[in-house]
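Peer 1: My numbering puts the first residue of the sequence shown at 49, with every later residue one more than the last. Glycine residues also receive a C-beta, built at the ideal position from the N, C-alpha and C atoms.
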Amino acid sequence: MTLRKVLLAGSAVAAAFAAVPAVAADNAHAHAASPAGVADIVRDAADLPGPLARRGPATVKVDLETTEVTGQLADGSTYHYWTFNGKVPGPFVRVRVGDTVEVRMKNADDSQMPHNVDFHAVTGPGGGGAATMAAPGETKGFTFKALAPGLYVYHCAAPMVAQHIANGMYGMILVEPEAGLSKVDREFYVMQGEIYTEQAHGTGGALSESIDKLLAEQPEYYVFNGAADALVKKPLHARTGETVRVFFGVGGPNKTSSFHVIGEIFDRAYPLASITSAPMTDVQTITVPPGGAAVSEFKVEVPGRFVLVDHALSRMERGLKGILVVDGEQRADLFKSHQTDDPSPEASGH
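The following block contains the structure:
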């Protein structure tokens with residue numbers, strides 16, 4: 049890429065960040081105007097069940113449907129996704145240690161591929177993958193006991209496994225400890241993935257998958273929650289004084305993430321999502337491997353736009369960025385600009 053193209057790309061990123069409030073306000077209109085036959089596959093980061101009120105074990109039923117849908121990957125381009133319940137990532141599942149979990153998975157009638165689901169929270173062969181291998185139109189299932197607290201990835205494990213994951217088939221399950229998690233004001237569900245297209249990044253139209261690039265581990269797009277800049281167009285929201293918890297996972301299938309929120313410090317971080325371990329404190333960036341997860345918590349104390357990134361920052365130019373919009377009163381005792389504020393990422397060094 050020439051220097052001119054790099055500068056243009058940087059300017060486009062800056063413009064996107066500056067326009068976040070307008071994008072967020074007009075979000076419903078933008079989705080209503082989506083082309084016919086193109087699904088909104090992006091999972092809103094706030095779309096997850098709240099903390100469990102009960103403390104005793106129970107039987108929890110999890111219903112999944114594997115669907116293959118065409119969704120918007122980036123402005124002007126679409127991609128044929130493979131999904132759990134029509135979104136990327138799949139639904140956030142929340143159970144308690146000691147629960148009995150009944151998983152029922154249907155492969156949609158119009159699917160072209162067999163699918164299944166492997167839960168990393170399962171103690172049993174294939175994480176349930178063999179028990180749920182379903183041809184189009186079939187329904188399969190299994191039951192497991194949630195033995196260990198933690199935040200775990202689930203994904204399709206039908207051959208070729210990496211292909212199914214890259215096309216969007218991943219999600220997370222939280223197994224709460226007996227006493228539950230500490231109380232916070234906001235919880236968010238964010239997963240990172242890679243998409244491998246035959247066409248170069250930025251190409252318009254209907255894009256197709258590239259198995260060669262997948263095997264070479266050379267993605268054209270990096271995504272939070274399924275699509276390029278998805279969490280810029282559907283930003284996270286909080287208010288000053290609130291404590292935020294981010295359940296973060298990497299579907300992958302191949303790349304490790306260095307998860308970072310620009311302008312924030314994680315007050316508590318649980319590496320590898322070991323939520324029964326003592327948390328690390330005052331953490332800037334947390335490493336999450338493919339098929340892994342982490343939990344981070346922080347108090348938002350000043351208003352503004354805070355950028356979610358993988359600190360392998362070249363990936364921002366391929367769609368890997370999100371926004372946390374914090375509203376509230378200014379705190380000049382904590383942060384005060386010496387001049388008129390410049391909201392662009394260049395001004396922050398990112």
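Measuring straight from C-alpha to C-alpha, what distance separates Thr148 and Glu246?
Peer 2: The straight-line gap from Cα to Cα measures roughly 43 Å.
Peer 1: Going by alpha carbons, who is nearest to Phe28 out of Met153, Gly98 and Leu255?
Peer 2: In the structure as shown, the chain begins at 49 and stops at 398. Residue 28 is therefore absent and cannot be evaluated.
Peer 1: Select from Val271, Gly124, Gly104 and His249 the residue whose C-alpha is nearest the C-alpha of Pro137.
Peer 2: The residue with the shortest Cα to Cα distance from Pro137 is Val271.
Peer 1: Once you ignore the five residues that flank Gly177 on each side, which residues in its own chain have a CB closer than 6 Å to its CB?
Peer 2: Cβ within range, chain order: Asn164, Asp166 and Ala205.
Peer 1: Identify the continuous beta strand (DSSP E) that holds His308 and give its terminal residues.
Peer 2: Element bounds for His308: Ser305 to Ile310.
Peer 1: At 4 residues or longer, what runs of the alpha helix (DSSP H) sit wholly inside the region 349 to 385?
Peer 2: Counting only runs of 4 or more, we get nothing.
Peer 1: With DSSP as the reference, label His77 as helix, strand or coil.
Peer 2: Any reading at His77 needs caution, since the residue's pLDDT is 35, under 50, leaving its predicted position unreliable; the model's value is listed next. Helix at His77.
Peer 1: Which of the three DSSP states, helix, strand or coil, is assigned to Ala57?
Peer 2: Because the pLDDT of Ala57 is 47, which lies under 50, any placement of that residue in the model is unreliable, and the number read from its coordinates should be weighed accordingly. Looking at Ala57 - three-state DSSP - the assignment turns out to be helix.
Peer 1: Could you give the distance in angstroms between the alpha-carbon of Ala286 and the alpha-carbon of Ala183?
Peer 2: Their backbone Cα atoms lie some 42 Å apart in a straight line.
Peer 1: Determine whether the beta carbon atoms of Met239 and Asn215 lie at a separation below 8 Å.
Peer 2: Contact flag unset, no.
Peer 1: Taking C-beta to C-beta, are Val343 and Tyr318 nearer than 8 Å?
Peer 2: The answer is yes: Cβ separation under 8 Å.
Peer 1: What are the start and end residues of each continuous beta strand (DSSP E) run of 3 or more residues lying completely inside the region 144 to 170, in chain order?
Peer 2: List check, beta strand (DSSP E) in window: 148 to 155.
Peer 1: By alpha-carbon positions, which one of Leu121, Lys347 and Leu195 ends up nearest to Arg366?
Peer 2: When only C-alpha atoms are compared, the closest one is Leu121.
Peer 1: Roughly how many whole angstroms lie between the Cα atoms of Gly241 and Ala169?
Peer 2: Their Cα atoms are separated by approximately 20 Å.
Peer 1: Is the number of C-beta pairs between the region 225 to 234 and the region 247 to 257 that are closer than 8 Å three or more?
Peer 2: Taking 8 Å as the limit for Cβ pairs, the verdict is that the region 247 to 257 does not touch the region 225 to 234.
Peer 1: Confirm, please, whether the CB-CB distance from Pro105 to Glu144 is below 8 Å.
Peer 2: It is Arg, not Glu, that sits at residue 144 in the sequence shown. A contact, by the Cβ cut-off of 8 Å.
Peer 1: Do three or more CB pairs link the region 350 to 369 to the region 307 to 317 at distances below 8 Å?
Peer 2: Touching, per the Cβ criterion.
Peer 1: To the nearest angstrom, report how far apart Phe346 and Gly299 are at their CA atoms.
Peer 2: When rounded, the distance between both Cα atoms is 23 Å.
Peer 1: Starting from Ala278, follow the alpha helix (DSSP H) in both directions and report where the run begins and ends.
Peer 2: It spans Ala278 to Lys281 - the alpha helix (DSSP H) in which Ala278 sits, taken as one unbroken run.
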